[in-house]
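Peer 1: Take a look at this one; I'll ask things after.
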Amino acid sequence: MAVVFSKPKALTDAPLHYCPGCTHGIIHRLVAEAIDSLGILDRTVGVAPVGCAVMSYDYFSCDMVEAAHGRAPAVATGLKRAMPDRIIFTYQGDGDLASIGMAETVHAATRNENITVIFVNNAIYGMTGGQMAPTSLPGQVTQTSPYGRDVKTVGYPIKVCELLSGLDAPEYIERVAVNNVKNVMKAKKAIKKAFQNQIEGKGFSLIEVVSSCPTNWGMTPQKALDWVESDMIPYYPLGVYRDKSAKEAE
């Protein structure tokens, strides 16, 4: 029987620990497929975050480094400068990247470090029990905002793509989602382009992936995907926020 679908070589055989309906698994596969298709597995190094994806070093078959909370872009910068022939990517959640790691993210972007950042936005702190995150929506109920996020006291959510696209240096910034097949295919294309940019030495690329967290949202997996469509995407519009090379070619 002909094999028409198989596991990417860039993923190990380790069972994923994620909750039912979590889309981290989909995103892992898209990253692995990009690595496979570009033929860069043997020279790729990933930087794992602190958060739900902390054990991604067990799932990707490339070399992996564990960074302190929020420091993945700084670690990635050091790796890339020390080993410029390697392909370096970080895989980070919204708490890791947009809260404690915001400074590292902004400064890596403004230096146009030649790294690839995969940023998973599920609007909540997943690993530590569902607290309000920098990306939690206005009015969103979490463990630390039981009456909904009050923007008058805690401010508005941080829109990372919009923020970084205001900088002069970054090469490529795009927001995608993985809540349906069409969006998954667009996400796959964007992630591959982000790695291709690094191969070509173009600089900093960040792909924000709007994701779901059924457990901490208190929803079924299907309801969570519906909520991504009805609530998350309207607040975090999908699309390309910066593509410097494409603009210069116009």
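Be aware that the sequence shown starts at 30, since it is given in my numbering, and climbs by one per residue. Where is the CB? At the ideal position from N, CA and C, for every residue including glycine. Note that the structure is a prediction, hence the values are computed from the model and not measured.
1. Taking only the alpha-carbon atoms, compute the straight-line gap between Pro-250 and Ala-77 and give it to the nearest angstrom.
2. Have a look at Thr-182 and Cys-91 and give me their C-alpha separation to the nearest angstrom.
3. I believe Gly-124 touches Tyr-154 by the beta-carbon criterion, under 8 Å. Please report the beta-carbon distance rounded to the nearest angstrom.
4. Output the boundary residues of the alpha helix (DSSP H) element that contains Arg-58.
5. Thinking just about the alpha-carbon of each residue, which of Val-269, Gly-247, Thr-173 is nearest to the one in Lys-218?
6. For a test of the three-state rule: what should DSSP assign to Val-207, helix, strand or coil?
7. To which residues of the same chain is Leu-70 closer than 8 Å at the C-beta, ignoring the five residues directly before and after it?
8. Please report the Cβ distance between Pro-199 and Ser-165, rounded to the nearest whole angstrom; I am assuming they are in contact, meaning their Cβ atoms lie under 8 Å.
9. With a threshold of 8 Å (Cβ to nearest heavy atom), would Gln-251 be considered close to the ligand MN?
10. Identify which residue in Trp-256, Gly-122, Lys-231 has its Cα closest to the Cα of Pro-243.
11. Which of the three DSSP states is assigned to Tyr-185 in this structure?
12. Going by alpha carbons, who is nearest to Ala-223 out of Val-60, Leu-45, Phe-34, Thr-52?
13. Whose C-alpha, out of Tyr-47, Glu-62, His-53, is nearest the C-alpha of Ser-35?
14. Does the beta-carbon of Ser-240 have 16 or more other beta-carbons within 10 angstroms, so that it is buried, or is it exposed?
15. Rounded to whole angstroms, what is the Cα-Cα separation between His-57 and Gln-169?
16. Going by C-alpha to C-alpha distance, which of Phe-118, Pro-263, Pro-266 sits closest to Tyr-86?
17. For the beta strand (DSSP E) holding Gly-75, just list the boundary residues, first then last.
18. CB-CB under 8 Å to Thr-41, same chain, minus the five flanking residues each way: which ones, in chain order?
19. Can you tell me the Cα-Cα spacing of Tyr-120 and Phe-233, whole angstroms?
20. Which residues does DSSP list as the beta-bridge partners of Thr-145?
21. Taking just the CA atoms, how far does Arg-204 sit from Ala-101?
22. Roughly how far, in whole angstroms, is the beta-carbon of Arg-72 from the beta-carbon of Arg-115, given that I think they are within contact range, below 8 Å?
23. Return the chain-ordered list of same chain residues with a C-beta closer than 7 Å to the C-beta of Ile-202, the five sequence neighbours on each side being excluded.
24. Would you kindly report the start and end of the unbroken alpha helix (DSSP H) that includes Glu-258?
25. DSSP three-state label for Met-131, please.
26. According to DSSP, which residues form a beta bridge with Asp-92?
Peer 2: Taking the structure as given:
1. Taking the Cα positions, Pro-250 is about 25 Å away from Ala-77.
2. 43 Å
3. 5 Å
4. 53-67
5. Val-269
6. coil
7. Within the same chain, Leu-70 has close Cβ partners Lys-38, Ala-39, Ile-64, Ser-90, Cys-91.
8. About 25 Å separates the two Cβ atoms, so there is no contact after all.
9. This structure lacks the ligand MN, and indeed carries no ligand of any kind.
10. Distances from the alpha-carbon of Pro-243 to those of Trp-256, Gly-122, Lys-231 put Trp-256 closest.
11. coil
12. Nearest to Ala-223 by C-alpha distance, out of Val-60, Leu-45, Phe-34, Thr-52, is Val-60.
13. Glu-62
14. Flag for Ser-240 reads buried.
15. 27 Å
16. Phe-118
17. 73-77
18. Asp-87, Tyr-88, Phe-89, Ser-90
19. 14 Å
20. Phe-118, Ser-234
21. 20 Å
22. 5 Å
23. Cys-190, Leu-193, Ser-194, Leu-235, Tyr-270, Arg-271
24. Run containing Glu-258: none; DSSP gives neither H nor E here.
25. helix
26. Val-74
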